[in-house]
Each structure stands twice: as C-alpha cells, then as structure tokens.
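S.K.: Numbering (full-length UniProt numbering), first residue to last: 1 to 526.
Quick reminder that beta carbons are idealized off the backbone N, C-alpha and C, glycines included.
Dumping the structure here so I can ask a few things about it.
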C-alpha cells in the first residue's frame, strides 16, 4: 500500500510541474518547505504567499495523517472557524469573524455570514480549500484601508489616493463614504468634484475641436463623396491647401464687409455711386451674397441637419446675412406705402415705425464680425471661457448692480440739499455710480460736498476691489483654455495629416502593384 501511495504522489508532483511555469523539470520534488520558501521573494513575510487554487489538487486526506494529528487538527479547525482569510491580489489578510459580521451589508460581511459554498463563490473570485482562503483579484494597497475599517470601525482616506479609483473600490467592497470621518469625507468629495469638473471641461474642449461629422454619416447620403469633399473644403481648413485658402478668403470677406459697412457712414464717401448705390454698398452686397452662398453650401453638405441648426457658429452665420434681407423687405414695404397713400397719417406713422425697426436691423450687421470665431482659436476660447464661468460673470454683474444702487442712494442722501448739485434724484446718480465703480471716471458729473466726495472715494475703492477678483479668475481660465485648444488643434492636425499621408501612400502602392491590362502586354510585344 505504501509503495502505491508514494508512486501516486510522484505522478501528482510531475503533473503539478506542468501546471506551473516557475518550476523546472529537473527540480527535486522532495524539496523541503523551508527550501521552497527561500526561493519565493518576500516569503518570510507571513502576509504574502504564493497562492493558486491548484494547490487543492494534492490536499492530504484526514485519514493519511494518522492518529497523532487528530488533536492539532481540532485546535486549528476551532481557530479557523473564528477567522476568515482574505487573499487580495496575493496578500493574505486574517480577520476575525465577529469583527466582520458587524457590517453584514458589506461584501466580506456577507461572505462571513454565508454558509452556502456556491453562494460564497459568487462573492469572491476564487477559493482555496487547502488554506481556506477567499481570493479577490483587487488592489491589496487599497484594501489596507478596508482592512483597517473592519478592525477599528474608522475609514481613513489618504490624499495621495486616486479618488475615482478609491470610490470604485468602495463600491466593490460595499462600503460608503458616510462611514468615513467628516474631515476625510469633505476633502474626498471636494477632490472628486474637482476631478469631475476637470473631466467635463476636457470633454467639452474636445467637442470644440473634434470634427462634428465622420465619414460614416456621408456614406448613406446621395453624392456622399462629393458632399464630404465640399464639407472638408469649407469646414476643415487643415484638410487640404484649398481648404486653408478658402478659410483665408472667407476671413478676408468678413473684414472687408465690416470696413465697407463702417466707411459707408462717412458722408464724403457717399458721393460716388453705381446704379444708385455707393461703391462701399456694392462691396457690402457682394460680401452678403458670398456669406449667403457659404451658409447654404454648409447646409447642403451637412449630414446632420439638427446638429447644424443648433450650432452657435451657424447661427452667427445666419445672423450675419439676415439683416440685409430684412432691410430689403422693410425698404420695399416703405416704398409701397409711400407710393399708395402718402397723405394718410396712419400710413406715415407705420412708415416711421418701419424706419426705426430698419435702423435696429442695420445695427445688427455689426454681429457679422463674430464670423471670425470660426477661424479664430482665441475667440472660441473666449466664448468657451464665458460659458464655463457664467456664474462668476453673473455674480460680477450682480455686485456691480448692488454697488450702483447703494452708492447712488448714499450720494443722493448727502447731496440733495446742496446748492448746484447735479444729483437731484437717485436715478440721476446711477450714471455717476456706474462710471465710478468701473474705475473709468469721466468727470462729467462730480459731487460737490465733502461727504459726497467721501462717498465717491468709497465707490471707487469698491470698484477697484470688485474688478480685481473675477477678472483675474477669467484671465487664468482663458489662458488655460486657449493653450489647451491650441495644443489639441495641433495634435488633431498632426494625426489627420498622418492618416491622409498613409491613405495616399496606400493608393500609390495599390496603383504600383496593380497588374497591367492584358491588351497592353500584346501591344508591347508588337
């Protein structure tokens, strides 16, 4: 019986040598436990063990140990019934069950209370019968904080830990940040909110730069390749040299139209006319026609109509051309009313109202300069800064309004009895308060009395303090966003050019490797 058992053990040892790559074929399988521990790094540390569920293959049977081993087995089994062994990423933690079952809603607490082996395997990643260890493929460094929580009932959080990773570990083990100390919880939540805000800003910055249309959207459209080529020409300046030239041409048209609109108000330049229009008006009309053609070309080539209509830049393009056509409609309406009934007073009043609306419409033409935001990284960074810091901007305007009302009321209360004062009412002092808080100080209206000058000094001091705080924040945000936009644009451009070069090389290679037609070989023979 004894030779058969020894033969079985040798075969089992040879089988295990094929399962573990760390064992060599020529090793002696009768090596002592002390010699094996010397081969394992950090084996002297009791909490670190070489663990694998295959250790269960040669588990000794209780009958093989003999009658002398019965007493120690009972002692160890009694102790093991009071302990739960948790192996986290190769490091073993020994925990007493009475400490763990105090938190039955956690993963380890549920594992300690569970008696069904099948259900226990659903709570852990693996189980070793030989060492009675529940294995979890998690980070042992983070589990130290979980282990400390079960021992002391206090959950500590270190600042150097990644809050997102630690939050995921907490969710896995079934713990909550409510069980942490208040100081740790406040710092942890602030850090999590800071990281989430940072990631949100990064996503929105990427959305500002990334192309809004991919090639898949154009494949299902009529004339997909042609429309994709037109879209890259007018929307992606870095796609080709012609696209960059079109972007420069469009920017020049914007500047020329703005210059023509402003110079058209000079009386000396209105003398020279062509078909009843001045030269500058003709230039502006040509610019409007170009902008209209550009807008409809974008509308024709886009593969996402809803996204196109919701875009802020496309709305700016529409606002840039609409005032001119609205002006034509109102001018035609005014001419028709003048020709039909010129003596009707109601009609004349309507014409005067139309002329006032027409002035407002003409004023809207100045928004044409916002078209430069499509080709200017700085303007896009400024708009992105205002969107991200709208709360600070709203607070700034709120404080300015409060200061205007407060100091105008104070100035009126000390100046209303003074002879020759320009502040006969509180609304009369609003302009002075607004100019003083903005630290401009026109000097068109000034307080006369001594107390009025004291109030003016307080108003100016308040304006200096108020303007210093949010403007520095906005400037820092703008600098950060501008640098990130430029860096991301450079990266995207470099990647896109690399992909385009790779595609061209592939096409050239396919052309070189393409076999010639059969007829061409016969012609060469002749």
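Out of 479, 279, 435 and 388, which one is the CA nearest neighbour of residue 377?
M.R.: If you number the chain shown from 1, residue 377 lands on position 377. Among 479, 279, 435 and 388, the Cα nearest to that of residue 377 is on 479.
S.K.: For a test of the three-state rule: what should DSSP assign to residue 274, helix, strand or coil?
M.R.: Your numbering for residue 274 matches position 274 in the chain shown. Reduced to three states, the DSSP call for residue 274 is strand.
S.K.: Please classify residue 155: does DSSP put it in a helix, a strand, or coil?
M.R.: In the chain shown, counting from the first residue as 1, residue 155 sits at position 155. Correct three-state label for residue 155: strand.
S.K.: Around the Cβ of residue 388, are there at least 16 other Cβ atoms within 10 angstroms (buried) or fewer (exposed)?
M.R.: One-based indexing of the chain shown puts residue 388 at position 388. Classification of residue 388: buried, given that the 10 Å Cβ count is 16 or more.
S.K.: So, with DSSP's three-state summary, where would you put residue 94?
M.R.: Here residue 94 refers to the residue found at position 94 when the chain shown is read from its first residue. Residue state, collapsed to three classes: strand.
S.K.: Straight-line CA distance for residue 178 to residue 151?
M.R.: As a working note, residue 178 is residue 178 in the chain shown. As a working note, residue 151 is residue 151 in the chain shown. Going from the Cα of residue 178 to the Cα of residue 151 covers about 17 Å.
S.K.: Can you give, in chain order, each stretch of the beta strand (DSSP E) that sits fully within the stretch 349-417 and has at least 3 residues?
M.R.: Listed in chain order, there is nothing to give.
S.K.: Taking only the alpha-carbon atoms, compute the straight-line gap between residue 465 and residue 458 and give it to the nearest angstrom.
M.R.: Within the chain shown, residue 465 is the residue found at index 465, counting from 1. Within the chain shown, residue 458 is the residue found at index 458, counting from 1. Rounded to whole angstroms, residue 465 to residue 458 spans 11 Å at the Cα level.
S.K.: For residue 317, count neighbouring Cβ atoms within 10 angstroms of its own Cβ and tell me buried if that reaches 16, exposed if not.
M.R.: As a working note, residue 317 is residue 317 in the chain shown. With 16 or more other Cβ atoms within 10 Å, it is buried.
S.K.: What are the uninterrupted segments assigned as alpha helix (DSSP H) that are 4 or more residues long and contained completely in the stretch 220-278, given in chain order?
M.R.: For the stretch 220-278, whole alpha helix (DSSP H) runs of length 4 or above, ordered along the chain, are 224-235 and 241-263.
S.K.: Count the other CB atoms within 10 Å of the CB of residue 133; is the residue buried (16 or more) or exposed (fewer)?
M.R.: Stepping through the chain shown from its first residue, residue 133 is reached at position 133. With 16 or more Cβ atoms within 10 Å of its Cβ, residue 133 is classed as buried.
S.K.: For residue 155 and residue 180, which I take to be in contact (beta-carbon distance under 8 Å), what is that distance rounded to the nearest angstrom?
M.R.: Position 155 of the chain shown, counting from 1, holds the residue named residue 155. Position 180 of the chain shown, counting from 1, holds the residue named residue 180. Going by Cβ atoms, the distance from residue 155 to residue 180 rounds to 4 Å, so yes, they are a contact pair.
S.K.: Assuming residue 165 is part of the alpha helix (DSSP H), what are its boundary residues?
M.R.: Numbered from its first residue, the chain shown carries residue 165 at position 165. From DSSP, the alpha helix (DSSP H) with residue 165 extends over 163-173.
S.K.: What does DSSP give as the partner residue(s) for residue 127 in the beta ladder?
M.R.: Counting from 1 along the chain shown, the entry for residue 127 is found at position 127. According to DSSP, which records beta bridges pairwise, residue 127 is partnered with 134.
S.K.: Would you list the residues sitting across from residue 180 in a DSSP beta bridge?
M.R.: Taking the first residue of the chain shown as position 1, residue 180 is located at position 180. For residue 180, which the question treats as bridged, DSSP gives the partners 155.
S.K.: When DSSP builds the beta bridges, which residues end up paired with residue 85?
M.R.: Position 85 of the chain shown holds residue 85. 94 and 133, per the DSSP bridge assignment.
S.K.: Quick check on the DSSP output: the alpha helix (DSSP H) that includes residue 104 runs from which residue to which?
M.R.: Position 104 of the chain shown, counted from the start, is the residue given in the question as residue 104. Residue 104 -> no alpha helix (DSSP H), and no H or E assigned at all.
S.K.: Quick test of your reading: residue 447 and residue 433, contact by CB under 8 Å. State the CB separation rounded to the nearest angstrom.
M.R.: As a first step, residue 447 is located in the chain shown; it is residue number 447 there, counting from the start. As a first step, residue 433 is located in the chain shown; it is residue number 433 there, counting from the start. Not a contact, Cβ separation roughly 11 Å.
S.K.: For residue 420, which of helix, strand or coil comes out of DSSP?
M.R.: The sequence position of residue 420 within the chain shown is 420, counting from 1. Three-state DSSP puts residue 420 in coil, outside helix and strand.
S.K.: Return the CA-CA distance between residue 408 and residue 255, expressed in angstroms with no decimal places.
M.R.: The residue labelled residue 408 in the question sits at position 408 within the chain shown. The residue labelled residue 255 in the question sits at position 255 within the chain shown. Going by the C-alpha atoms only, they are around 42 Å apart.
S.K.: Among 293, 261, 270 and 332, which has the Cα closest to the Cα of residue 527?
M.R.: Lying before the first or after the last residue shown, residue 527 is absent from the chain, which here runs from 1 to 526.
S.K.: Skipping 5 residues on each side, what residues in its chain have a beta carbon closer than 7 Å to that of residue 323?
M.R.: Along the chain shown, read from residue 1 onward, the residue named residue 323 stands at position 323. So the qualifying residues of the chain are 361, 362, 364 and 365.
S.K.: In angstroms, rounded to a whole number, what distance separates the CA positions of residue 498 and residue 506?
M.R.: By one-based count along the chain shown, residue 498 stands at place 498. By one-based count along the chain shown, residue 506 stands at place 506. Near 12 Å, if we compare the C-alpha coordinates of residue 506 and residue 498.
S.K.: Quick one: what does DSSP say residue 343 is sitting in, helix, strand or coil?
M.R.: Here the question's residue 343 lines up with position 343 in the chain shown. Low per-residue confidence applies at residue 343: pLDDT is 49, beneath 50, and the placement is therefore not dependable, though the value from the model is reported in the following sentence. Residue state, collapsed to three classes: coil.
S.K.: Mind checking whether residue 234 and residue 297 have CB atoms under 8 Å apart?
M.R.: By one-based count along the chain shown, residue 234 stands at place 234. By one-based count along the chain shown, residue 297 stands at place 297. Yes, these two residues count as a Cβ contact at 8 Å.
S.K.: State the DSSP-derived secondary structure class of residue 449, mapped to helix, strand or coil.
M.R.: Translated into positions along the chain shown, residue 449 becomes position 449. In the structure shown, residue 449 sits in coil (DSSP, three-state: anything other than H, G, I, E or B).
S.K.: Measure the Cβ-Cβ separation of residue 88 and residue 143 and say whether it is below 8 Å.
M.R.: Here residue 88 corresponds to residue number 88 of the chain shown, with the count starting at 1. Here residue 143 corresponds to residue number 143 of the chain shown, with the count starting at 1. A contact, by the Cβ cut-off of 8 Å.
S.K.: Can you tell me where the alpha helix (DSSP H) with residue 435 in it begins and where it stops?
M.R.: Within the chain shown, numbered from 1, the residue matching residue 435 stands at position 435. Start and end: 426-437.
S.K.: Terminal residues of the continuous alpha helix (DSSP H) containing residue 514?
M.R.: Taking the chain shown and counting its residues from 1, one reaches residue 514 at position 514. Note, residue 514: premise wrong, no alpha helix (DSSP H); not H, not E.
S.K.: With a cut-off of 8 Å on the beta carbons, I'd call residue 291 and residue 320 a contact; round off their distance for me.
M.R.: Taking the first residue of the chain shown as 1, we reach residue 291 at position 291. Taking the first residue of the chain shown as 1, we reach residue 320 at position 320. Between residue 320 and residue 291 the Cβ distance is about 6 Å, and since that is below 8 Å, they are a contact.
S.K.: Apart from the five residues just before and just after residue 301, which ones in its own chain have a Cβ nearer than 6 Å to its Cβ?
M.R.: For this step, residue 301 is matched to residue 301 along the chain shown. Counting only Cβ-Cβ distances below 6 Å, and skipping sequence neighbours, we find 227, 230 and 231.
S.K.: Thinking C-alpha only, which one of 206, 245, 225 and 305 is nearest residue 488?
M.R.: For the purposes of this step, residue 488 is taken as the residue at position 488 of the chain shown. Nearest option by C-alpha distance: 206.
S.K.: Is it the case that the Cβ atoms of residue 551 and residue 461 are separated by a distance below 8 Å?
M.R.: What is shown of the chain runs 1 to 526, which leaves residue 551 out entirely.
S.K.: Following the continuous alpha helix (DSSP H) through residue 304, name the residue where it begins and the one where it ends.
M.R.: Sequence index remark: in the chain shown, residue 304 carries index 304 (1-based). Premise fails: residue 304 is in no alpha helix (DSSP H) and is neither H nor E.
S.K.: Reducing DSSP to helix, strand and coil, say where residue 458 ends up.
M.R.: Within the chain shown, numbered from 1, the residue matching residue 458 stands at position 458. Residue 458 falls in the helix class under three-state DSSP.
S.K.: In chain order, what residues of the same chain have a beta carbon less than 8 Å from the beta carbon of residue 527, not counting five sequence neighbours either side?
M.R.: The requested residue 527 is not part of the displayed model; the chain covers only 1 to 526.
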